[in-house]
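Note sheet for the following structure.
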Amino acid sequence: MTVLCRLDEIPDPGGKGFVFGEAEKREEIFVMRKGDKVYGYRNRCPHALVPLDWTSDQFLDPSRTMIMCAMHGALFAIEDGRCLAGPTRGRGLSAIAVRLVEDGAAGPVLVWDKSAD
Ligand code: FES
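Position 95 (the sequence shown) corresponds to 94 in numbering that gives the first Met the number 0; numbering is contiguous.
Now the structure itself:
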């Protein structure tokens, strides 16, 4: 289990990206927050297999209700990563197992349980 950040470090609504490892072991993920709920995904657009955010941590479309790929504008649902529009031919985002745990004075902390992906 990997601790990612405190819940209040993610904008509401908004997202935050994380990178682990280097070279062939590099992993990019991001987490979206909507109120007290969080949703995690691999930061890889199913269209061209690139990260969705050109500007760090900018994952929302202008309406701030959907995830948007910065490359060609594909739209995805925040809650389950399904494709809503764009050139991905219906392919959605790959979800990862994130959840909130209470950490005393720190409040809710986001963790990634990679073994459950
Ligand atoms: S790379 Fe994401 S829509 Fe093309």
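The C-beta atom is built at its ideal place from N, Cα and C for all residues, glycine as well.
Cβ-Cβ distance between residue i and residue j below 8 Å
i      : j      : result
Ile28  : Ile95  : yes
Asp112 : Met0   : yes
Ala73  : Gly89  : no
Gly14  : Asp56  : yes
Arg41  : Ser114 : no
Selection from the options that minimises the alpha carbon distance to residue i
i     : options                          : result
Tyr38 : Leu99, Ser114, Thr54 and Ala104  : Leu99
Asp35 : Thr87, Ser114, Glu101 and Asp116 : Glu101
Gly16 : Leu59, Pro45, Lys24 and Glu23    : Leu59
Gly54 : Ala47, His46 and Met67           : In the sequence as presented, Gly is not what sits at residue 54; that position holds Thr. Ranking the options by Cα distance to Thr54, first place goes to Met67.
Arg43 : Thr64, Asp11, Arg63 and Met70    : Met70
Arg5  : Ser114, Ala115 and Gly103        : Gly103
Val97 : Asp116, Pro50, Gly106 and His46  : Asp116
Residue burial classification, residue i (beta-carbon count within 10 angstroms, cutoff 16)
i     : result
Asp52 : buried
Pro45 : buried
Leu3  : buried
Leu48 : exposed
Where residue i sits in the DSSP three-state scheme
i     : result
Leu51 : coil
Leu92 : coil
Glu78 : coil
Ala22 : helix
Ala84 : strand
Gly16 : strand
Gly39 : strand
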